[in-house]
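Visitor:
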Amino acid sequence: MKISVVIPAYNEEKFVSKTLESIEKTDKKNWDVEIVVVDGGSTDRTASVAKEKGARVIHEPHKGIGFARQHGLLHATGEIVIYTDADTVVPRDWLTKYMKAFENEEIVCTYGTYRVSDGKFPYFQATNYLQPWAVSLYYRFGIYFAGGQNIAARRDAAIDAGGFDEKLEQMEDADFVKRMSKAGKIAFLPDNIVISSGRRSKEGISYFLRAGISDFKFFILGKRDFLKFPDYR
């Protein structure tokens, strides 16, 4: 079984090294694991750092997270595609937990949760304490509040479902899982936890409130006219 780990990246030279090192330390058993970094036109050393760490780098001058995740899917060669972000550290048993879930052939997509290592109030508190509870609650009602730094899918099913919406610059992850749910079962793994940077909290409560509005518009109102957020990737 081959696994492709896909990482979108834009000017991530300060973070991507730790991400790749954490993936290298995961338990790989007898799986063939490739790492694909989709570089969205970085102007720093992101691509060269990724190559030094053994990743295959796909250069895509078109910037955008939905575009990057989709092109990572298209370039991946594994039967299972697992996504994380370039500022995220994964646990040693990260792959093992995902592959265990895929032993059930009805499962086409699965996702875990995340915490942040730092961040301003209330982003840090909301992400680390409220978010895990909310994601679990949503899942019980068939709402897949998945984060792109911790999603896995069967590649063939993902391709058939249309993959990621290239036009979306946020909520592309939840939109993807929602469409995958029409192809088969979705599994939520609350104990498969990754740790991301809290740098998105630099706006403090403003970021928290605007993120909440975007979540409400997507999940409750079904709208896709999101608020603009800083480009971190």
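Reading the sequence shown from the start, the letters are residues 1 to 233 in UniProt numbering. Even for Gly, the Cβ is constructed at its ideal location relative to N, Cα and C. For clarity, every value in this text was computed on a predicted model and none was experimentally measured.
When DSSP builds the beta bridges, which residues end up paired with Val135?
Guide: In DSSP, Val135 forms no bridge with anything.
Visitor: Leaving out the 5 sequence neighbours to the left and right, which residues in its chain are closer than 7 Å to Glu169 when beta-carbon positions are compared?
Guide: Gly64, Ile65, Gly66
Visitor: Is it right to say Asp173 is buried, meaning 16 or more other beta carbons lie within 10 angstroms of its own, or is it exposed?
Guide: buried
Visitor: By the 10 Å Cβ neighbour count, where 16 or more other Cβ atoms means buried, how is residue 236 classified, buried or exposed?
Guide: In this structure the chain extends from 1 to 233, so residue 236 is not present and cannot be described.
Visitor: Among Thr84, Thr88, Ser136, whose alpha-carbon lies nearest the alpha-carbon of Val6?
Guide: Thr84
Visitor: Take Asp93 as the anchor and find which of Lys25, Val177, Pro61, Val135 has the nearest alpha-carbon.
Guide: Lys25
Visitor: So with Cβ pairs under 7 Å, would you call Ala68 a contact of chain D?
Guide: Protein chains in the displayed structure number just one, and chain D is not present.
Visitor: Which residues mark the beginning and the end of the alpha helix (DSSP H) in which His59 is found?
Guide: Annotation for His59: no alpha helix (DSSP H) segment contains it, though the beta strand (DSSP E) segment containing it runs 56-59.
Visitor: The alpha helix (DSSP H) that contains Gly112, what's its start and end?
Guide: Counting along the chain, Gly112 falls outside any alpha helix (DSSP H), though it belongs to the beta strand (DSSP E) covering 107-116.
Visitor: Please state the DSSP three-state secondary structure of Lys100.
Guide: helix
Visitor: Start and end of the alpha helix (DSSP H) containing Ser48?
Guide: Counting along the chain, the alpha helix (DSSP H) containing Ser48 begins and ends at 46-52.
Visitor: Please classify residue 245: does DSSP put it in a helix, a strand, or coil?
Guide: Outside the displayed range of the chain (1 to 233) lies residue 245, so it cannot be described from this structure.
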